[in-house]
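S.K.: Taking our numbering, the leading residue of the sequence shown gets 1, the next gets one more, and so forth.
Structure below; questions to follow.
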Amino acid sequence: MTPTPPALPDRIQTARLELRAPELSDASAIYASYTQDAEVARYMVWRPHASEDATRDFIAACVAHWHAGSARPYVITLKESGELVGMLEARPKGHIVNIGYVLARTQWGQGLMPEAVRALTAEALGLPEIFRVEATCDVDNRASARVLEKSGFLREGQLARFTVHPNLGAEPRDCLLYAACR
């Protein structure tokens, strides 16, 4: 029997942000915000989206994962304006939650992603069955490493030839491993 995934909340609020479930109607805003931006996609495992339809397909997959309980791909919006600015996904597996995130370039450098990561990490580590929240980032993605460090994660090591970042090349690249534990 497959264990029930941990009960991460449907919504998370911080001082400036709201994290919520994705909706198909978000596709246009997500496409305009970041999925078509090559600089945002540089260190991601996906190529920039060529059309809003590609983003709609991506969001449909996110909605399916949410409803299946296999992941919580939160959409990040600014509380003040409701503007959609990124996503933060939590993928539970046993006692670990793995996270990944993306933020619109217009929002870089404002501390929004560390704020979102800290809030999600607190929720996850508050669950009795979760003991670890972890994330990886490309060795050259200093901005992502700083997000994790500012979020209280500790660097645990370097993973050789770990992830293919198609916007950088076809071969797997080294990644840094970060974690927050209780």
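Even glycine gets a Cβ: it sits at the ideal position worked out from N, Cα and C.
I think residue 92 touches residue 22, with their Cβ atoms under 8 angstroms apart; what is that distance to the nearest whole Å?
M.R.: For the purposes of this step, residue 92 is taken as the residue at position 92 of the sequence shown. For the purposes of this step, residue 22 is taken as the residue at position 22 of the sequence shown. Actually they do not touch by this definition, with Cβ atoms about 17 angstroms apart.
S.K.: Just verifying my parser: in three-state terms, what is the DSSP assignment at residue 162?
M.R.: Locating residue 162 in the sequence shown gives position 162, counting from the first residue. Reduced to three states, the DSSP call for residue 162 is strand.
S.K.: Straight-line CA distance for residue 193 to residue 11?
M.R.: With the chain covering 1 to 182 only, the question about residue 193 has no answer from this structure.
S.K.: Residue 113 lies in the alpha helix (DSSP H); which residues open and close that run?
M.R.: To locate residue 113, count along the sequence shown from 1; it is residue 113. Looking at the DSSP string, the run of the alpha helix (DSSP H) that includes residue 113 is 112–125.
S.K.: Using three-state DSSP, classify residue 45 as helix, strand or coil.
M.R.: Translated into positions along the sequence shown, residue 45 becomes position 45. If DSSP states are grouped into helix, strand and coil, residue 45 belongs with coil.
S.K.: Can you name, in chain order, every residue of its own chain whose Cβ lies under 7 angstroms from the Cβ of residue 26, other than the five neighbours on each side?
M.R.: Mapped onto the sequence shown, residue 26 falls at position 26. These residues qualify, in order along the chain: 59, 75, 84.
S.K.: Measuring only the C-alpha atoms, how far is residue 171 from residue 37?
M.R.: As a first step, residue 171 must be located in the sequence shown, where it is residue number 171. As a first step, residue 37 must be located in the sequence shown, where it is residue number 37. Taking the straight line from one Cα to the other gives about 22 angstroms.
S.K.: DSSP three-state label for residue 1, please.
M.R.: Looking up residue 1 in the sequence shown gives position 1. The predicted model places residue 1 with a pLDDT of 45, which falls under 50 and marks its position as unreliable, so this point remains unresolved.
S.K.: Look up residue 59 in the DSSP assignment and say whether it is helix, strand or coil.
M.R.: In the sequence shown, the residue the question calls residue 59 occupies position 59. If DSSP states are grouped into helix, strand and coil, residue 59 belongs with the helices.
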